Structure formats: structure tokens, C-alpha cells
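What follows is one structure encoded as C-alpha cells, with my remarks underneath.
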Amino acid sequence: MVGNCPPNPQRTSASEESHIDILGRLLYVAKLVAKQEGLDDGFRIVINDGPQGCQAVYHIHVHVIGGRQMNWPPG
């Protein structure tokens, strides 16, 4: 177990070659969601991938984070 992410023996990566088209679509839709949510000053898109990336849900999805100043490095 890494952090609070349970291990999943059937996990799949969020970034396999077969996902190229859907990843592009997800990035575009994330931009639409950010606009809808009024994140005009900027936002961050996050994809958790693998145990050390804290992937807890084993399907492709993105997180749109905004509404505050982001810092670097994250996490």
C-alpha cells in the first residue's frame, strides 16, 4: 500500500497506447469543465497513474483543480 491507496492486482495504467484518443478528449473536456466552473485565471489537470501516483480508481479519469493559486512542486 502506498499512502492511502489500496493495491489492486487488476490495475491498468491511465496512459496506455490504446488510450491516446480518449486522453486527448479528456483534456479538451477538462478545459470545458474549467470554463463552466469559472476557472478563467487558470487550473491544473491531474491524472493519477500507478501505485506511487496514488491511482485509487482504476479507470481513466482526470481531476480539474482550480480556484486558488497552485504551487510548484505539487504534492
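In UniProt numbering, the protein residues as written are 1 to 75.
Every residue gets a Cβ at the ideal spot worked out from N, C-alpha and C, and that includes glycine.
Treat the numbers as computed from the prediction; the structure is a model and nothing was measured.
Nearest neighbour of Pro74, chosen from Ile45, Tyr28, Arg25 [CA to CA]: When Ile45, Tyr28, Arg25 are compared, the shortest CA-CA separation from Pro74 is found for Ile45.
C-beta atoms of Val62 and Leu26 nearer than 8 Å: Taking 8 Å as the Cβ cut-off, Val62 and Leu26 qualify as a contacting pair.
Same chain only: Cβ atoms within 7 Å of Ser13, ignoring 5 sequence neighbours per side: Shown here for Ser13: same chain residues with a beta carbon closer than 7 Å to its own, the five before and five after excluded, namely Asp49, Gly50 in chain order.
N-terminal and C-terminal residue of the beta strand (DSSP E) that Gly66 is part of: Per DSSP, Gly66 belongs to the beta strand (DSSP E) from 63–66.
C-beta atoms of residue 103 and His19 nearer than 8 Å: Only positions 1 to 75 of the chain appear in the structure, and residue 103 is not among them; the question remains open.
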